[in-house]
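Participant: 308 is the number that the UniProt record's numbering gives to position 308 of the sequence shown; each next residue is one higher, with no gaps.
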Amino acid sequence: QHDLHQHDLMLRIWYTIESPHLSQMTDLIYTEKELVQSLREYIKAEESKLAAVKSWANKLDALTRVSTSDPEGYLAHPVNAYKLMKRLNTEWSELESLVLENPSDGFISNMSIHRQYFPDEEDETGAAKALMRLQDTYQLDSEAFSKGKLPGVQYNAILTVDDCYDMGKTAYNDGDYYHAVLWMQQSLKQLDAGEDAVVSKADILDYLSYSVYQMGDLPRAIELTRRLVAIEPGHQRAGGNLRYFERLLSKQLIEMNQSYQPPSEEPIQLGTYSRPQDHLPERESYEALCRGEGLQMVRQQEKDRLFCRYHDGNRNPRLLLKPMKEEDEWDSPYIVRYLDMLSNEEIAKIKELAKPRLARATVRDPKTGVLTTANYRVSKSAWLEEEDDIVIARVNQRIEDITGLTVTTAELLQVANYGVGGQYEPHFDFSRKDEPDAFKRLGTGNRVATFLNYMSDVEAGGATVFPDFGAAIWPRKGTAVFWYNLFKSGEGDYRTRHAACPVLVGSKWVSNKWIHERGQEFRRPCGLTEVD
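#1: I need the straight-line Cα distance from V53 to F118, nearest angstrom please.
#2: For D141, which residues in the same chain have their Cβ closer than 7 angstroms to its Cβ, ignoring the five residues on either side in sequence?
#3: Buried or exposed: A81, going by 16 or more other Cβ atoms within 10 Å of its Cβ?
#4: What residue range does the alpha helix (DSSP H) around L280 cover?
#5: Out of I399, Y210, A359, W514, which one is the CA nearest neighbour of L339?
#6: DSSP state of K44, grouped into three classes?
#7: With 16 other CB atoms within 10 Å as the buried threshold, where does D27 fall?
#8: By alpha-carbon positions, which one of L50, D493, K322, L84 ends up nearest to L63?
#9: For the alpha helix (DSSP H) containing P426, list its first residue and its last residue.
#10: Whose C-alpha, out of L75, L218, K513, A202, is nearest the C-alpha of V229?
#11: Using a Cβ-Cβ distance cut-off of 8 angstroms, determine whether G126 contacts chain D.
#12: Quick check: what's the CA-CA separation for L98 versus L50?
#13: According to DSSP, is M341 helix, strand or coil?
#14: Give every residue of the same chain whose Cβ lies closer than 7 angstroms to the Cβ of Y42, excluding the five residues on either side of it in the sequence, and list them in chain order.
#15: Between V66 and L60, what straight-line distance do the alpha-carbon atoms span, to the nearest angstrom?
#16: Mind reading off the beta-carbon distance from E517 to V448? Whole number of angstroms is fine, and I expect it under 8 angstroms.
#17: Drop a sphere of 10 angstroms on the beta-carbon of Y314, count the other beta-carbons inside from all chains shown, and report buried for 16 or more, exposed for fewer.
#18: Checking the sheet assignment: what are the DSSP bridge partners for R447?
#19: Considering W383, what are the terminal residues of the alpha helix (DSSP H) in which it resides?
#20: Look at the alpha carbon of N316 and the alpha carbon of N396, and state the distance between them as a whole number of angstroms.
#21: Please name the residue in Q214, D192, E435, N156 whose C-alpha comes closest to that of V181.
#22: From the DSSP secondary-structure annotation, give me the bridge partner or partners of Q414.
#23: Between which residues of its own chain and S38 is the CB-CB distance below 6 angstroms, once the five residues before and five after are set aside?
#24: Just to confirm before moving on: does the CB-CB distance between Y207 and Y172 stay below 8 angstroms?
#25: Any idea if M167 is buried or exposed, counting beta-carbon neighbours within 10 angstroms, 16 or more meaning buried?
#26: Evaluate contact between the region 469-476 and the region 323-337, counting only Cβ atoms and requiring at least three cross-stretch pairs below 8 angstroms.
#27: Given a threshold of 16 other Cβ atoms within 10 Å of its Cβ, counted over all protein chains shown, does E94 qualify as buried or as exposed?
#28: So S456 packs on K380, CB below 8 angstroms; how close in whole Å?
#29: Please classify W92: is it buried, with 16 or more other beta-carbons within 10 angstroms of its beta-carbon, or exposed?
#30: For S511, count the other beta carbons within 10 Å of its own beta carbon; 16 or more makes it buried, fewer makes it exposed. Which is it?
#31: Near G461, which residues of its chain fall below 6 angstroms by C-beta distance, leaving aside the five closest residues on each side in sequence?
#32: Between which two residues does the alpha helix (DSSP H) containing W183 stretch?
#33: Taking contact to mean 3 or more Cβ pairs, one atom from each stretch, closer than 8 angstroms, check whether the region 438-448 and the region 480-488 are in contact.
#34: If I follow the unbroken alpha helix (DSSP H) through E72, where does it start and stop?
#35: In whole angstroms, what is the alpha-carbon distance linking A472 and A288?
#36: Expressed to the nearest angstrom, what Euclidean distance is found between the alpha-carbon atoms of P71 and E96?
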């Protein structure tokens, strides 16, 4: 198993990274500060050089005024003759060397050293997509992001006209016209409000009009294209598009026997157009739970069946003196939360061990059993084993004591960091019947249970949600949640399909232990029915 996880870890490191985890981002903050300092030193050196050149110019200007007023009289003095020779032979060469000096060398060298750690085009695109993911999940309009109006934020951050334009362009280049419209509209709105920008109004209208056409709104596409032609009458593509849109609309109106209706005067905003359907059937219920909606599905009698208690692991010697505080989160399927599962010191040590190893999180390919990256899971993760530190051994033992299940056949402790926009869309932890090879390489059977540690609080977002029955579990630092993925018969409990909601503000750290079937035969024996 150790070799398998080492192989998995290598796979993780070699896969493309979409967005840096928080500790990498923190390093970039300090890198940027260092570069600003280097830039300041370069400016100072340039100013010093310029001051020296100015001093030379002033001195030589005064000399040449005197010498040119009476050249013969000036050279009649032997000292002046000598100084002219000296100046032209030596001092002008020194001045030439001074002008040729390049104070930028230090700054350029510093840039070159740090550039290898800079985010690339893919990272920037990933960050833009993360904002759009948050926009959709938490139903935030583009202005909420542009003006920095987010819940629980400590720092104010705004997006300029050019930032919004670049967001729209990222979406457009990805064929995502829904978000392209929202961000180009916001860019146009801020430009019309008088904000300075590098991008021109014509460029914004060009992208916006075509994206609106792609959303199927011909009247508005025509109106926006007319505005573009009014600004730039010679815009070749706009003229052609306008004629095409008008012909298309005329044809549609004739076919549907309708008269022309001018486009709405209302500006485009969230809700003007419907978001295209995607691969996720429970998208709406999942996102509603992430927002804290849909929790009314929890009936009062279910709430009445939820209790809290002290749990000593069936009189486990290690828990007798200090039993765990156990809270019911849900009664069927049974989900419990354990308080004070990890101390702050243990969390700090686990994060310290994980940070150097964090790589783009992977999922196990159901066909091959090999780990691979996927767009529906955006986080960074690392695997930790008992040999890494005594803390890992202690945590593993505690999980075994609490659950009564052996962890000798469990997967290594996985640590994951979800930065802003980090998520794991609805998924099953266990392998279904149509993917029998998912855990074949491990040789330990299916994932019988999940033990999930929350290692940070999250300012906004980041809940663990179960769309099937409407539960939302919010991260609380130091606590852990536990549930069974399989019935006692070994059949999968399909109700346990769950998701990690995108982090809106903050950073979410979790660690989890996937416990497998082998070794649990006498610890969790079969029941009398398939669904016990």
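Each residue gets a CB set at the ideal place from its N, CA and C atoms; glycine is no exception. As the structure is a prediction and not an experimental result, all values here were calculated from the model.
Facilitator: Considering the structure as presented:
#1: Cα to Cα, the separation comes out at about 36 angstroms.
#2: Closer than 7 angstroms at the Cβ level, and outside the excluded window around D141, lie Q269, L270.
#3: Classification of A81: exposed, given that the 10 Å Cβ count is below 16.
#4: Note, L280: premise wrong, no alpha helix (DSSP H); not H, not E.
#5: Residue I399 holds the alpha-carbon nearest to the alpha-carbon of L339 among I399, Y210, A359, W514.
#6: If DSSP states are grouped into helix, strand and coil, K44 belongs with the helices.
#7: Exposed, since its Cβ has fewer than 16 Cβ neighbours within 10 Å.
#8: Out of L50, D493, K322, L84, L84 has the C-alpha closest to the C-alpha of L63.
#9: Per DSSP, P426 lies in no alpha helix (DSSP H) segment; the continuous beta strand (DSSP E) that holds it begins and ends at 423-427.
#10: Measuring from the Cα of V229, the nearest candidate turns out to be A202.
#11: Going by chain labels, chain D is absent from the structure shown, which holds only one protein chain.
#12: Approximately 9 angstroms between the Cα atoms of the pair.
#13: Here M341 sits in coil by DSSP.
#14: Within the same chain, and ignoring the five residues on either side of Y42 in sequence, the residues whose Cβ sits closer than 7 angstroms to its Cβ are P103, S104, G106, F107.
#15: So the alpha carbons of these two residues sit roughly 10 angstroms apart.
#16: The pair is a contact, with the Cβ atoms about 5 angstroms apart (cut-off 8 angstroms).
#17: In the sequence as displayed, the identity of residue 314 is Asn instead of Tyr. Flag for N314 reads exposed.
#18: H516, per the DSSP bridge assignment.
#19: Counting along the chain, W383 falls outside any alpha helix (DSSP H), though it belongs to the beta strand (DSSP E) covering 380-384.
#20: N316 and N396: Cα-Cα distance of roughly 15 angstroms.
#21: With distances taken between Cα atoms, V181 lies closest to Q214.
#22: Looking at the DSSP output, Q414 sits in a beta bridge with W383, N512.
#23: Exclusion of the five residues before and after S38 leaves F107, N110 as the residues of its chain whose Cβ lies within less than 6 angstroms of its Cβ.
#24: Contact annotation: Y207 and Y172 have beta-carbon atoms nearer than 8 angstroms.
#25: Result: buried.
#26: Short answer: they touch.
#27: It is exposed - the Cβ of E94 has fewer than 16 other Cβ atoms within 10 Å.
#28: Rounded, the Cβ-Cβ distance is 14 angstroms, inconsistent with contact.
#29: Exposed, by the Cβ-count rule.
#30: Around the beta carbon of S511, 16 or more other beta carbons sit within 10 angstroms, so the residue counts as buried.
#31: The residues C501, P502, V503, L504, in chain order, have a CB closer than 6 angstroms to that of G461 in the same chain once the five nearest residues on each side in sequence are set aside.
#32: DSSP places W183 in the uninterrupted alpha helix (DSSP H) bounded by 177-192.
#33: As far as the Cβ criterion goes, the region 438-448 touches the region 480-488, which means the pair count is three or higher.
#34: DSSP places E72 inside the alpha helix (DSSP H), whose first and last residues are 71-75.
#35: In this model, A472 and A288 are separated by some 10 angstroms (Cα to Cα).
#36: So the two alpha carbons sit approximately 25 angstroms from each other.
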